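Undergrad: These protein sequence lines are chains A and B, in that order.
Letter 201 of the first sequence, counting from 1, is numbered 200 in numbering that gives the first Met the number 0, and no numbers are missing.
Letter 30 of the second sequence, counting from 1, is numbered 29 in numbering that gives the first Met the number 0, and no numbers are missing.
Built from N, CA and C at the ideal position, the CB exists for glycine as well.
Just so you know, these numbers come straight off a predicted model, no measurement behind them.
Below is the structure I would like to discuss, written out as structure tokens.
There are 2 protein chains.
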Amino acid sequence: MHKLYLMTRSEENYIKTIFHLGRQGTQDVATNAIAELMETKPSSVTDMIKKLSEKDLVNYKRYQGVSLTSLGNKTALSIIRKHRLWEVFLVEKLDFSWDEVHEVAEQLEHIKSDKLIDSLDRLLAFPKFDPHGDPIPDKNGGFKERDRDLLSEVPIRTVGVCVGVKDSSATFLKFLDKNGIALGNQIKVMEREEFDGSLNIEIDGRNMQISHVIASNLYIKTNDGI
Amino acid sequence: MHKLYLMTRSEENYIKTIFHLGRQGTQDVATNAIAELMETKPSSVTDMIKKLSEKDLVNYKRYQGVSLTSLGNKTALSIIRKHRLWEVFLVEKLDFSWDEVHEVAEQLEHIKSDKLIDSLDRLLAFPKFDPHGDPIPDKNGGFKERDRDLLSEVPIRTVGVCVGVKDSSATFLKFLDKNGIALGNQIKVMEREEFDGSLNIEIDGRNMQISHVIASNLYIKTNDGI
DNA sequence: ACAAATTTTTAGATTTGCCTAAATTTTAAT
DNA sequence: ATTAAAATTTAGGCAAATCTAAAAATTTGT
Ligand SMILES: [Mn+2]
Ligand SMILES: [Mn+2]
Ligand SMILES: [Mn+2]
Ligand SMILES: [Mn+2]
Chain A
0 MHKLYLMTRS EENYIKTIFH LGRQGTQDVA TNAIAELMET KPSSVTDMIK
50 KLSEKDLVNY KRYQGVSLTS LGNKTALSII RKHRLWEVFL VEKLDFSWDE
100 VHEVAEQLEH IKSDKLIDSL DRLLAFPKFD PHGDPIPDKN GGFKERDRDL
150 LSEVPIRTVG VCVGVKDSSA TFLKFLDKNG IALGNQIKVM EREEFDGSLN
200 IEIDGRNMQI SHVIASNLYI KTNDGI
Chain B
0 MHKLYLMTRS EENYIKTIFH LGRQGTQDVA TNAIAELMET KPSSVTDMIK
50 KLSEKDLVNY KRYQGVSLTS LGNKTALSII RKHRLWEVFL VEKLDFSWDE
100 VHEVAEQLEH IKSDKLIDSL DRLLAFPKFD PHGDPIPDKN GGFKERDRDL
150 LSEVPIRTVG VCVGVKDSSA TFLKFLDKNG IALGNQIKVM EREEFDGSLN
200 IEIDGRNMQI SHVIASNLYI KTNDGI
């Protein structure tokens, strides 16, 4: 049924990468894209894809890109569930900041124990989102993307709550910390400068000017959603 | 200074094994002993020992056995600290039983993050002993063996508290559970049958007969220690 | 003391995951 | 429709960690 349990760390990392690339863009995932994201060589990717294909984790035809099978998808969701639960644990229980958790979670996500991850889930009171606002799949791989919009794309006078970041690099997260921007903040878009796309926003009372780049990496949940 | 951080999982497991073998017996550790404990072949052990010797983690002369250097010892203690802290975490925070923790801790002990392990230590309120009664080294590798005796070796009428197990296999631990023997229990040795070494003990009120094998795998801390 | 048994090491092979360089296929441009 | 460029795969090799079989060193038994 599932040989999920005898996957190597490397195999798991490939599956995870293919999952992430597959969900932004409707095409099959390109060898080069995987290589770039994983900081490895295209020829190595081809080797691994063949192995994953043997194991029925990906659909693969030479030169035609790759996509996850249903088994591969399930596997990816299980790894992502672990990654994000560990991130919550590190923030909630060990006082890590949101820019420190990813690196450690990259290691912890490969620990094999169903009991461990389900108990962790319970300890954390079954969180639905990780510290960056990303959804946490449940035990069966089910999860719902939250309705949200990029701050850069909502109309003037939109009001909402900051619920996620698109770029979750430590650099960006630390910038947000420095400027007092955090998940949960109330945000109202006051003005958009058409010349450079920068925004004037009101965030938890304060007034602040943010560049287009910043705005296009912040998600808000508006109040007017149905 | 410390390249502790670029050790492979396999190297770490060898160091840990050499540490454990080295501390029971005054001799240098034999290749065969390592191979047996790690369920690998002596030739593989020789290969790895050479590598560890290159890295100044062990002292090695061909055919003469192996011992940890000061750096190797420090490394071993750091891994054991992680292993035992994770075991405490699993029992205290995730409701694992003491026979379930070892396997998962074998994986978790290889996670690399100083901040992680020190925060975990704090979350657990700096425990001094793991669920099997074994001491947890502090951040600097310091730890004290607790004064304790094998139940099989104390004189009749000795009174003490059960503080540890020698064999911490799941089989033995589950046997103890089934018979209501746990760390913290008050124990008084009532009678020793010289024929087979079995003991009649009073444990938390109850009276019970235990074989020599059982008694020789239980540690007690007596009240009459200086 | 010295042959036999045991332990340990060497030699050579295998698997996994990665690499470089060269060949092949697909895609883009004229 | 060809050709040029880009993407992908193949071929061949390398390092880590393991194995088997054979050789070398040590230990044991008489
Ligand atoms: Mn992450
Ligand atoms: Mn995250
Ligand atoms: Mn253990
Ligand atoms: Mn233990």
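1) Pair every Cβ in the stretch 43-50 of chain B with every Cβ in the stretch 144-157 of chain B, then say whether three or more of these pairs are closer than 8 Å.
2) Report the option in B/VAL103, B/LEU198 and B/THR221 whose CA atom is closest to the CA atom of B/GLU86.
3) Could you tell me how far apart the beta carbons of A/GLU172 and A/ASP98 are, in whole angstroms, since I believe they sit closer than 8 Å?
4) When DSSP labels each residue in this structure, what does B/PRO134 get in the three-state scheme?
5) Measuring from the CB of A/SER77, is there a heavy atom of ligand 5 at a distance below 8 Å?
6) Under 6 Å, CB to any heavy atom of ligand 3. Which residues pass, going along the chain?
7) If you measure from the beta carbon of A/GLU201 to each beta carbon in chain B, is any gap under 9 Å?
8) At a Cβ threshold of 9 Å, is A/VAL57 touching chain B?
9) Below 8 Å between beta carbons is the criterion; list the residues of the stretch 82-101 of chain B that meet it against any residue of chain A, in chain order.
10) Quick one: does the C-beta of A/HIS131 sit closer than 8 Å to a heavy atom of ligand 1?
11) Compute every distance between the C-beta of B/SER167 and the non-hydrogen atoms of ligand 4, then say whether any falls below 8 Å.
12) At which residue ranges does the stretch 37-96 of chain B contain complete beta strand (DSSP E) runs of 3 or more residues, listed in the order of the chain?
13) If you drop the 5 nearest sequence neighbours on each side, which residues of the same chain put their C-beta closer than 8 Å to that of A/GLN63?
14) Should B/ILE79 go down as buried or exposed, given a rule of 16 or more other Cβ atoms within 10 Å for buried?
15) Inspect the beta-carbon positions of A/LYS138 and A/ASP117 and report whether they are closer than 9 Å.
16) Provide the residue(s) that pair with A/ARG22 in DSSP beta bridges, ordered along the chain.
17) From which residue to which residue does the alpha helix (DSSP H) around B/LEU182 run?
18) Name the chain A residues that come within less than 9 Å of B/ALA110, Cβ to Cβ?
19) At a CB-CB cut-off below 9 Å, which residues of chain B make contact with A/SER118?
20) Express the C-alpha separation of A/GLN23 and A/ILE155 in angstroms, rounding to a whole number.
21) Leaving out five residues before and five after B/ASP55 in sequence, what residues of the same chain have Cβ atoms less than 6 Å from its Cβ?
22) Just checking my contact of A/LEU84 with A/ASP133 at CB under 8 Å: how many whole Å lie between their CB atoms?
23) Taking 9 Å as the CB-CB limit, is B/LYS114 close to chain A?
24) Check the Cβ of A/LEU122 against every Cβ in chain B and list those closer than 8 Å, keeping chain order.
25) Applying the 10 Å Cβ sphere with the 16-neighbour rule, what's the burial state of B/ASN12?
TA: Quick answer:
1) no
2) B/VAL103
3) According to the sequence shown, residue 172 of chain A is Leu rather than Glu. Rounded, the Cβ-Cβ distance is 4 Å, consistent with contact.
4) strand
5) Ligands in the displayed structure: ligand 1, ligand 2, ligand 3 and ligand 4; ligand 5 is not one of them.
6) Of all residues, those with a beta-carbon under 6 Å from at least one heavy atom of ligand 3 are B/HIS82, B/GLU86, B/HIS101 and B/ALA104, reported in chain order.
7) no
8) no
9) LEU89, LYS92, LEU93, ASP94, PHE95 and GLU99
10) yes
11) yes
12) 57-59 and 65-67
13) ASP27
14) buried
15) By the CB criterion at 9 Å, A/LYS138 and A/ASP117 fall inside the cutoff.
16) Note: A/ARG22 sits in no beta bridge, so no partner.
17) Careful: B/LEU182 lies outside any alpha helix (DSSP H) and carries neither H nor E.
18) Sequence inspection shows Ile at residue 110 of chain B; the Ala mentioned does not correspond to that position. Under the 9 Å cutoff, chain A gives VAL103, GLN106, LEU107 and ILE110.
19) LEU89, LYS92, LEU93, ASP94 and PHE95
20) Taking the straight line from one Cα to the other gives about 27 Å.
21) Here the set comprises THR68 and LEU70.
22) Actually they are not in contact, since the Cβ atoms of A/LEU84 and A/ASP133 sit about 11 Å apart, beyond 8 Å.
23) yes
24) LYS92 and LEU93
25) buried
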